[in-house]
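*Asks:*
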Amino acid sequence: HIPGHGRAFADTHFELPTVDASMSDLQRHDFAPFRELNHLPMAMTAHVVYSAIDPKNPATTSGKVIDEIIRGEIGFDGLLMSDDTSMKALSGDFPTKAAAILAAGCDLVLHCNGVFEEMVGIASRTTGLEGTSLQRAQRALTYIKNRDRADEAEIRAEFATYFDAVA
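First residue of the sequence shown? That's 3 in my numbering, and the numbers climb one at a time after it.
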């Protein structure tokens with residue numbers, strides 16, 4: 003959950019957490035793993051308010067977090083999807099949430115609970131992928147299609163190097 007979920011003490015399935023860490027702490031600790039992984043093709047936003055960046059909006063609906071932190075400081079240029087819009091951390095009706103997510107800079111809006119009426123509401127405020135979002139989706143698909151079958155030992159070794167890099 004980019005740009006970080008580790009300091010959040012609330013469960014976003016039920017409420018909206020606020021992280022009050024300083025910007026320097028966020029940059030040094032929370033964002034570091036994402037900078038190391040910024041080459042990956044996809045990421046999911048966090049329904050978390052970072053008071054040092056945007057005290058009013060969760061990252062998922064914050065253009066400031068997405069533009070300045072995720073796309074800027076972290077350097078992530080892959081396909082950015084929201085976390086599940088049916089989680090209680092986001093308030094409002096589904097069409098309004100979907101519009102806010104896209105306006106903030108996410109490429110995709112996720113809705114995972116399967117309630118058809120909610121999906122219809124989201125679809126009413128969204129369009130098909132186009133422009134930069136479509137290009138990011140195409141790059142992500144190409145990345146996935148060109149990958150060999152996952153080697154668990156290799157993944158674990160790579161994972162360990164990321165923790166060494168941030169320690």
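Each residue gets a CB set at the ideal place from its N, CA and C atoms; glycine is no exception.
(1) Considering only the alpha carbon of each residue, which of LEU81, PHE165, VAL122 lies closest to THR179?
(2) Assign ASP27 to one of three DSSP states: helix, strand, or coil.
(3) Name the two residues that bound the continuous alpha helix (DSSP H) containing LEU136.
(4) Is it right to say ARG149 is buried, meaning 16 or more other beta carbons lie within 10 angstroms of its own, or is it exposed?
(5) From ASP79, GLY130, THR87, GLU120, pick the residue whose C-alpha is nearest to that of LEU39; which is it?
(6) Using C-beta distances below 8 Å, list every residue in its chain close to CYS108, excluding the 5 sequence neighbours before and after it, in chain order.
(7) What distance in whole Å lies between the Cβ atoms of ALA45 and MET25, which are believed to be in contact at a cut-off of 8 Å?
(8) Which partner residues does ILE4 have in the DSSP bridge list?
(9) In the DSSP assignment, the beta strand (DSSP E) including VAL111 goes from what residue to what residue?
(10) State the beta-bridge partners of ASP153 as determined by DSSP.
(11) Hey, would you say PRO5 sits closer than 9 Å to VAL51, going by beta carbons?
(12) Using the three-state DSSP reduction, which class does THR128 fall into: helix, strand or coil?
(13) From which residue to which residue does the beta strand (DSSP E) around LEU82 run?
(14) Shortest alpha-carbon distance to GLY8 belongs to which of ASP32, GLY94, TYR164?
(15) Tell me the DSSP secondary structure of PRO57 in three-state form.
*Replies:* By the coordinates alone:
(1) In the structure as shown, the chain starts at 3 and stops at 169, and residue 179 therefore has no counterpart that could be examined.
(2) Three-state DSSP puts ASP27 in a helix.
(3) Segment 133–147, the alpha helix (DSSP H) holding LEU136.
(4) Residue environment for ARG149: exposed (fewer than 16 other C-beta atoms within 10 angstroms of its C-beta).
(5) For the residues ASP79, GLY130, THR87, GLU120, the minimum Cα distance to LEU39 belongs to ASP79.
(6) Excluding sequence positions up to five before and after CYS108, its CB lies within less than 8 Å of the CB of THR47, THR62, ILE68, LEU82, MET83, SER84, all in the same chain and listed in chain order.
(7) That pair is no contact at about 20 Å.
(8) ILE4 pairs with THR47.
(9) Start and end: 110–112.
(10) Answer is none; ASP153 lacks a bridge partner.
(11) Not closer than 9 Å, so no.
(12) Here THR128 carries a coil assignment [DSSP, helix/strand/coil].
(13) Run containing LEU82: 81–86, per the beta strand (DSSP E) assignment.
(14) Closest option to GLY8, Cα to Cα, is ASP32.
(15) DSSP places PRO57 outside both helix and strand once states are collapsed to three, so it counts as coil.
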